[in-house]
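One point on numbering: in the working numbering, the residue at position 27 of the sequence shown is 27, and numbering is uninterrupted. Just below is one structure, and these are the notes that go with it.
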Amino acid sequence: YEVGDLYDRDGVKGVVCIVSDEGTHGLVISLEQIYLTWSEFRKPDLRTVGAENRTDGEENMRTVEAYIAANGLSWDDFPAFKWCRERGEGWYLPSIDELLTIGHNYNGGSRMKNNRQARNKFNDALKDAGGKRMDRMVYYFSSTEMDEKNAYTSHTSLEPPYVVEIPKYNKFLVRAVHKF
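Right, here's the structure in full:
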């Protein structure tokens, strides 16, 4: 597989956004996206759940699951994670480093030059499979939290800053990812 290819195997359907092992493994991104909060907690109930992993969103997903179980909460308290989980087994909210790599790959492997062809290939694969194209101007939530109030977000545009901390109770775009 290459970045921008449609992946449709074993009930997992998305667009390849990260590849490793010469394309035999990697990450696919969901066809759908949605505006959701990271969590529903506001002052004075802000809290840190321990989803601090910058490189593996799957680990952050397990951390949130354990936090929910240990504190008598529900997935409804974490809408972005719930939505990713509802895509099916193995889907999760990407970490900040996974999101940064997706943005890099979406732009053809570099944010230093405008590669419309790479973005069009990626977006066409999403649209042709019935999904929504990536939004370059809006931030996407990562599963990586900064503190009790904020989580890290990133976008797919060429312009920095590539990482911004945004309150977890604000609604921003969410995409799920799945390893293959």
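Beta carbons are placed, not taken as given, at the ideal position from N, Cα and C, and that holds for glycine.
Write down the C-beta distance between residue i and residue j rounded to the nearest angstrom, noting that I regard them as a contact closer than 8 Å.
{"i": "Gly90", "j": "Lys13", "result": "About 12 Å; that fails the 8 Å criterion."}
{"i": "Val64", "j": "Phe78", "result": "6 Å"}
{"i": "Val177", "j": "Val28", "result": "7 Å"}
{"i": "Trp38", "j": "Ala66", "result": "That pair is no contact at about 17 Å."}
{"i": "Arg133", "j": "Leu126", "result": "5 Å"}
Considering residue i, what are the terminal residues of the beta strand (DSSP E) in which it resides?
{"i": "Phe141", "result": "140 to 145"}
{"i": "Asn105", "result": "No beta strand (DSSP E) contains Asn105, which is instead part of the alpha helix (DSSP H) from 96 to 106."}
{"i": "Leu173", "result": "172 to 174"}
{"i": "Asn150", "result": "150 to 154"}
{"i": "Leu186", "result": "Outside the shown range of the chain (1 to 180) lies residue 186, about which nothing can therefore be said."}
{"i": "Pro167", "result": "163 to 167"}
Applying the criterion that 16 or more other CB atoms from any shown protein chain within 10 Å of the CB defines a buried residue, is residue i buried or exposed?
{"i": "Thr55", "result": "exposed"}
{"i": "Gln117", "result": "exposed"}
{"i": "His155", "result": "buried"}
{"i": "Ala70", "result": "exposed"}
{"i": "Lys168", "result": "buried"}
{"i": "Ser74", "result": "exposed"}
Using a Cβ-Cβ cut-off of 7 Å (strictly less than) and excluding sequence neighbours within five positions of residue i, which residues of its own chain qualify?
{"i": "Asn35", "result": "The question names Asn, but residue 35 is Tyr in the sequence shown. Cβ neighbours of Tyr35 beyond the five flanking positions: Lys171, Phe172, Leu173."}
{"i": "Arg87", "result": "Ser30, Ala176"}
{"i": "Ile96", "result": "Arg54, Ser142, Thr144, Tyr152, Ser154, Val163"}
Could you name the residues of the same chain whose beta carbon sits closer than 6 Å to that of residue i, not counting the 5 residues immediately before and after it, in chain order?
{"i": "Thr101", "result": "Ile18"}
{"i": "Phe122", "result": "Gly4, Tyr106"}
{"i": "Lys149", "result": "Leu46, Pro167"}
Within the continuous alpha helix (DSSP H) that includes residue i, where are the two ends?
{"i": "Arg85", "result": "79 to 85"}
{"i": "Phe122", "result": "116 to 128"}
{"i": "Ala66", "result": "57 to 70"}
Within its chain, find whatever has a CB closer than 8 Å to the CB of residue i; leave out the 5 residues flanking it on each side and keep chain order.
{"i": "Glu98", "result": "Ile18, Leu27, Thr55, Asp56, Gly57, Ser142, Val177"}
{"i": "Gly130", "result": "Leu31"}
{"i": "Trp83", "result": "Ile34, Leu36, Val174, Ala176"}
Evaluate the contact criterion for the segment 150 to 165 versus the segment 104 to 116: three or more CB pairs, one atom per stretch, below 8 Å.
-> yes
Can you find at least 3 beta carbon pairs, one from the segment 43 to 58 and one from the segment 128 to 139, that sit closer than 8 Å?
-> no
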